[in-house]
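Per the numbering used here: the sequence shown = residues 943 to 1394. Note that the Cβ used here is the ideal one computed from N, Cα and C, for glycine as well.
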Amino acid sequence: MSNKRFYIETYGCQMNFADSEIVNSILLDEGMQPVEEAEEADVIFINTCSIRENAETKVWNRLKEFRSLKKTKNDLTVGVLGCMAERIRDKIIEQEQLVDMVVGPDAYRDIPQLLTRVDDGRKAVNVLLSLEETYADITPVRTSGNGVSAFISIMRGCDNMCSFCVVPFTRGRERSRPMDSILNELRQLSEEGYREVTLLGQNVNSYKTDDADFTTLMDQASRVDPEMRLRFSSPHPKDFPEDLLYLIGNRPNLCNYIHIPAQSGNDNVLERMRRPYTREQYLELIDKMRRAIPGLSLSTDIISGFCGETEQEHADTMSLMEQVRFDLAYMFSYSERERTLAHRKFEDDVPEDVKKRRLTEIIGRQMEIQEERNRMEIGRQHLVLAEGPSKRSEHQLCGRTDTNKMVVFDRENYQKGDYVAVQIHDCTSATLMGNALYKSSVREYYSDTVQA
Ligand code: SAH
Ligand code: SF4
Ligand code: F3S
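This is the structure:
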């Protein structure tokens, strides 16, 4: 296997990006060489996402491009990884020449053996889902990223079965990675100079092992390095642990930012979505969060045009957004997925143009709210972790506040990885602009700065 050059292209959520780092580690262990461009590779992997129709369309188009590459390069191997694996398995049997190997999210350890099969001229497929696999003993090798912030998967799969969502079918049952292995990886990242880590799972509040629940994990994780900031994504509104709120409120390196997907602001829609909370309960949770964590910033996910959604139900989502005033939102129009409960039981009956119009309304209002909220930041001070040069200029750095807002400021003598106290003087709906004041640290900043 050695000497083969490989290239990995990743689509989908942060968990897929974290998985690509695991695959990267497995391939490096085989002695294979990473390359930056698909054209240079002997083996191309595409790590795929099924969450919405357009995510899958992108992958199919890319596979067609790889097929033309295969025509010019006889021994090129194309492998599909991730959430589309099972669907692609069914199709490659009839579709010639598109893909040589298919590997589901729980079968990455099998990749070296599957590559050998391909070398023997056979197709190689393993899409089995597992009840145990967490890749706890594989240290991901981080190739992309900025060397300052990283992701760690703490669990895999999802048992929630929201009626619109394909994830429980593509990723299988929920299982948690042992706490020790998570803490060890955090220690290692801290030694390598990483300053911010996001702990990932489809439903992090369900994290559970023999010795820990999610709050215990966050408590222990935040003690690994007080100068390493921690975030997590995503929790579910149905059972957010209250003790965690107080921990976040009191621990300087637990970020004052929570992503808490609402999906809809109407009880009937939530019921059809099989999201086991009401609008009222969601709003109570938001209140509780804001009381426990001063200065908290919040983001959410919204789906517009779910099966049977009426104008009034859509208006309820708009009014939920008005009431909460999220700092950030990821907004989607509903895309029907095979095998889900919604596909089997409900009709995808909101016409495409209506879905689009409602989504445009939702996005439009969210952009206004975001800008209004960002405007309120003008004049305030934040501790910003510098992640690297800004997109526009080498003379500027960009980085996030504890509350997850992107800030751009003049580089001066500051460097990537520095914690910098920054005073905000301007903004757009997406970015804050600031003046750097002084270099600081998490402990210093939160002990001697009274925040506005
Ligand atoms: N586990 C996470 C969500 C992962 S998927 C959670 O529950 O918070 C990310 C987002 O994609 C979801 O929150 C939802 O808003 C959106 N999504 C999932 N399935 C979708 C579908 N079929 N159509 C449109 N959006 C969808
Ligand atoms: Fe999908 Fe719901 Fe699980 Fe999130 S919690 S991954 S939306 S089934
Ligand atoms: Fe997509 Fe799979 Fe993530 S479907 S959103 S890559 S879990």
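Exposed unless 16 or more other CB atoms sit within 10 angstroms - verdict on residue i
i	result
leucine 1379	exposed
glycine 954	buried
glutamine 1254	exposed
histidine 1367	exposed
methionine 1097	buried
asparagine 996	exposed
glycine 1207	buried
serine 1246	buried
alanine 1394	Because the pLDDT of alanine 1394 is 39, which lies under 50, any placement of that residue in the model is unreliable, and the question is left without a value.
serine 1332	buried
glycine 1063	exposed
methionine 957	buried
glutamine 1440	Any question about residue 1440 goes unanswered here, given that the chain covers just 943 to 1394.
asparagine 1192	exposed
Cα-Cα separation between residue i and residue j, rounded to whole angstroms
i	j	result
leucine 1327	lysine 1358	8 Å
cysteine 1249	aspartate 1017	46 Å
methionine 1263	cysteine 991	28 Å
valine 1395	tyrosine 1199	No statement about residue 1395 is possible, as the shown extent of the chain runs from 943 to 1394 and does not include it.
methionine 974	threonine 1058	13 Å
tyrosine 1272	arginine 1334	24 Å
arginine 1342	glutamate 1251	36 Å
asparagine 966	arginine 1173	24 Å
threonine 1157	leucine 1186	5 Å
serine 1072	phenylalanine 1106	23 Å
glutamine 1130	serine 1123	11 Å
glutamate 981	glutamate 951	12 Å
methionine 1026	glutamate 998	8 Å
glutamate 1226	isoleucine 993	29 Å
valine 1392	alanine 1257	With a pLDDT of 47 at valine 1392, under the threshold of 50, the modelled position of this residue cannot be trusted, and the question is left open.
glutamate 1007	valine 1296	33 Å
leucine 1196	isoleucine 1034	45 Å
Residue i - DSSP class collapsed to helix/strand/coil
i	result
glutamine 1039	coil
asparagine 1316	helix
arginine 1342	strand
aspartate 1290	coil
isoleucine 1244	strand
glutamate 1310	helix
serine 1239	strand
glutamine 1393	At glutamine 1393, the pLDDT of 46 sits below 50, so the modelled position is not reliable; the number obtained from the coordinates is stated separately. Reduced to three states, the DSSP call for glutamine 1393 is coil.
arginine 1334	coil
serine 944	coil
methionine 974	coil
Where the beta strand (DSSP E) containing residue i begins and where it ends
i	result
glutamine 1357	Careful: glutamine 1357 lies outside any beta strand (DSSP E) and carries neither H nor E.
asparagine 1377	1373-1382
arginine 1004	Run containing arginine 1004: none in the beta strand (DSSP E); it sits in the alpha helix (DSSP H), 995-1014.
threonine 990	985-990
isoleucine 1366	1361-1369
isoleucine 1200	1199-1201
alanine 1328	1323-1331
arginine 1173	1171-1175
valine 1020	1019-1024
The alpha helix (DSSP H) enclosing residue i, as first and last residue numbers
i	result
tyrosine 1188	1184-1192
isoleucine 950	That residue, isoleucine 950, is in no alpha helix (DSSP H); its beta strand (DSSP E) goes 947-952.
arginine 1217	It is not in any alpha helix (DSSP H) - arginine 1217 carries neither H nor E in the DSSP assignment.
glutamine 956	956-971
glutamate 1028	1027-1034
Segments assigned beta strand (DSSP E), at least 3 residues, entirely inside the region 1107-1165: 1138-1142
Segments of 3+ residues assigned as beta strand (DSSP E) that fall wholly inside the region 1051-1094: 1066-1068
Length-filtered (4 minimum) alpha helix (DSSP H) runs lying within the region 1246-1305: 1253-1266, 1283-1287
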